[in-house]
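Enquirer: Mind having a look at this structure? Questions to follow.
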Amino acid sequence: MSSPRKPSATSASPLEQAQLLGDIRDLIEQSRQQLASAVNSALTLLYWRIGQRIRNEILHGKRAAYGEQIVSALARQLTADYGRGFTEKNLRHMLRFAEVYPDGEIVSAARRQLSWTHLRTLIYIDDPLKRDFYLQMCQQEGWSTRTLQERLDSQLFERTALSKQPDALLAQELATLRQTGELSPSLVLKDPYVLDFLGLQDRYLEKDLEDAILRELEGFLLELGAGFSFVARQKRIQLDHDDFYIDLLFYNRRLKRLVAIDLKLGDFKAEYKGQMELYLRWLAKHEQEPGEASPLGIILCSGNNKREQIELLELDASGIHVAEYLTALPPKAVLQAKLHEAIALSRTRLDNRSEEEAWTGKTHFR
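Heads up: the sequence shown begins at 159 in my numbering, then just goes up one per residue.
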């Protein structure tokens, strides 16, 4: 009777075979992703070149009717030769792409990180600064096309502190972001914050709001924006035998600073400033690590009709941002009108302040 066959010393164990299979699968998946990225990049550049060529031809013709004719004729012939990717509608997307981004360097950088679907969404944003904001955020934060559309639908740009600044300063901050990749607080902070995902009823307490945020922490972090991570709830501070509590404490890795959040029902009150300044100074003294920036404070109020008080208190100089939060998302048109009004008022105040400072400087000089 023959003895049981022993495994060869050179044969691989099941564990080793599984490891080998896993490694090869990873290699295949990596290659697929690289190939898809290369194809997308090449197609994006092709679409831009086609749009640029058509644009030059139309400009040469100098007649709108000529442009309509040439795009229609090209679409018929190219669709017959190459399929549905070159329909009249798609050619108009390519033409718009070349019109919006005449600079080849911007296209070259964008095509390595963004899909054609990203760019097709971006090119129909009419405001150049708003379009550049979304382009930069897509590149910096790796937004999917779905995330981009959600941010557009929620009026993210209009809700950022950045949008309240004059165009020249806005353009400067976006240029800095493009060159350095560093986010400023005005790119991260918002007003209002949309917290409709918390599912709060019409009546609730501050504790209910805090509990709901922690239950839906992932959604809250997404609404806060890039780079936030949760640190603590009801962070205890002891001073002179008194106890104080920070409602929520976060850290932002992009800003490299702690962010304290105080939750309030109703409108902003002036005494909130002193309370938040106390929190921030304690955090700077006891929690701030070497190399980190000074802590920021966000006071979230369910109402925000105290703009003049907020302006006079110069909260920005103390690193404090006051914002409204919405527990139910209003109709898009209502939200849009509200945000545009807030932006206009803020820019008017900034312009008036600049004029007053300029006048004061002239008077002082005399």
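Just so you know, even glycine gets a beta-carbon here, dropped at the ideal spot from N, CA and C. Bear in mind the structure is a predicted one, so any value in this text is a computation, not a measurement.
#1: Does the segment 325 to 340 come within contact of the segment 285 to 300, defined as at least 3 CB pairs closer than 8 Å?
#2: Where do the N-terminal and C-terminal ends of the alpha helix (DSSP H) with residue 430 fall, by residue?
#3: If we ignore side chains and look at the alpha-carbon of each, how far apart do residue 467 and residue 428 end up?
#4: If you run the structure through DSSP and keep just helix, strand and coil, what is residue 414?
#5: Is the beta carbon of residue 441 less than 9 Å from the beta carbon of residue 416?
#6: Which stretch, first to last residue, makes up the alpha helix (DSSP H) that contains residue 470?
#7: So if DSSP puts residue 456 in a beta bridge, which residue, or which two residues, is it bridged to?
#8: Near residue 329, which residues of its chain fall below 7 Å by C-beta distance, leaving aside the five closest residues on each side in sequence?
#9: Return the Cβ separation of residue 249 and residue 281 in integer angstroms, given the expectation that the two are a contact with Cβ distance under 8 Å.
#10: What is the DSSP secondary structure of residue 272, counted as helix, strand or coil?
#11: Please classify residue 214 as buried or exposed, where buried requires at least 16 other C-beta atoms within 10 Å of its C-beta.
#12: Buried or exposed: residue 371, going by 16 or more other Cβ atoms within 10 Å of its Cβ?
#13: Reducing DSSP to helix, strand and coil, say where residue 329 ends up.
#14: Return the chain-ordered list of same chain residues with a C-beta closer than 7 Å to the C-beta of residue 236, the five sequence neighbours on each side being excluded.
#15: Does residue 359 come out as helix, strand or coil in the three-state DSSP assignment?
#16: Contact check, residue 198 vs residue 273 under 8 Å by CB: the rounded distance?
#17: Do you know how far the Cα of residue 186 is from the Cα of residue 451?
#18: What first and last residue would you give for the alpha helix (DSSP H) that runs through residue 370?
#19: How would you label residue 597, buried or exposed, when you count the other beta carbons within 10 angstroms and need 16 or more for buried?
#20: Could you give the uninterrupted runs of the alpha helix (DSSP H) lying entirely in the segment 207 to 292, keeping only those of 4 residues or more?
#21: What does the Cβ neighbour count give for residue 269, buried or exposed, with the cut at 16 atoms within 10 Å?
#22: When you compare only the Cα positions, how much space is there between residue 260 and residue 209?
Expert: According to the structure shown:
#1: Three or more pairs of CB atoms, one per stretch, sit closer than 8 Å, so the segment 325 to 340 contacts the segment 285 to 300.
#2: By 1-based counting over the sequence shown, the position of residue 430 is 272. Segment 429 to 444, the alpha helix (DSSP H) holding residue 430.
#3: Here residue 467 refers to the residue found at position 309 when the sequence shown is read from its first residue. Here residue 428 refers to the residue found at position 270 when the sequence shown is read from its first residue. Spanning the two alpha carbons is a distance of roughly 7 Å.
#4: Within the sequence shown, numbered from 1, the residue matching residue 414 stands at position 256. Collapsing the DSSP output to three states places residue 414 in coil.
#5: In the sequence shown, counting from the first residue as 1, residue 441 sits at position 283. In the sequence shown, counting from the first residue as 1, residue 416 sits at position 258. Yes, Cβ-Cβ distance for residue 441 and residue 416 is below 9 Å.
#6: For the purposes of this step, residue 470 is taken as residue 312 along the sequence shown, with counting starting at 1. That run of the alpha helix (DSSP H) goes 465 to 471.
#7: Here residue 456 is taken as the residue at index 298 of the sequence shown, counted from 1. For residue 456, which the question treats as bridged, DSSP gives the partners 419, 479.
#8: Counting from one through the sequence shown, the residue named residue 329 turns up at place 171. Here the set comprises 287.
#9: Along the sequence shown, one-based indexing puts residue 249 at 91. Along the sequence shown, one-based indexing puts residue 281 at 123. Actually they are not in contact, since the Cβ atoms of residue 249 and residue 281 sit about 13 Å apart, beyond 8 Å.
#10: Within the sequence shown, numbered from 1, the residue matching residue 272 stands at position 114. Three-state result, residue 272: coil.
#11: As a working mapping, residue 214 is identified with position 56 in the sequence shown. Residue 214 is exposed by the Cβ-count criterion.
#12: Mapped onto the sequence shown, residue 371 falls at position 213. That one is buried.
#13: In the sequence shown, the residue the question calls residue 329 occupies position 171. DSSP, reduced to helix, strand and coil, places residue 329 within a helical segment of the structure shown.
#14: Residue numbering aside, residue 236 sits at position 78 when the sequence shown is read from its first letter. When the five nearest sequence neighbours on each side are left out, the beta carbons in the same chain lying within less than 7 Å of the beta carbon of residue 236 are those of 244, in order along the chain.
#15: Mapped onto the sequence shown, residue 359 falls at position 201. Residue 359: coil per DSSP, three-state reduction.
#16: What you label residue 198 is simply residue 40 of the sequence shown in a count that begins at 1. What you label residue 273 is simply residue 115 of the sequence shown in a count that begins at 1. The distance from the Cβ of residue 198 to that of residue 273 is about 5 Å, consistent with a contact at the 8 Å cut-off.
#17: For this step, residue 451 is matched to residue 293 along the sequence shown. For this step, residue 186 is matched to residue 28 along the sequence shown. Spanning the two alpha carbons is a distance of roughly 43 Å.
#18: Working through the sequence shown from its first residue, we reach residue 370 at position 212. Residue 370 -> alpha helix (DSSP H) spans 364 to 373.
#19: An answer regarding residue 597 cannot be provided, because it is not within the stretch 159 to 524 covered by the chain.
#20: Whole alpha helix (DSSP H) segments, 4+ residues: 222 to 240, 246 to 258, 262 to 271, 274 to 280.
#21: Here residue 269 is taken as the residue at index 111 of the sequence shown, counted from 1. Its Cβ being crowded by 16 or more others within 10 Å, residue 269 is buried.
#22: By 1-based counting over the sequence shown, the position of residue 260 is 102. By 1-based counting over the sequence shown, the position of residue 209 is 51. Taking the straight line joining both Cα atoms gives about 10 Å.
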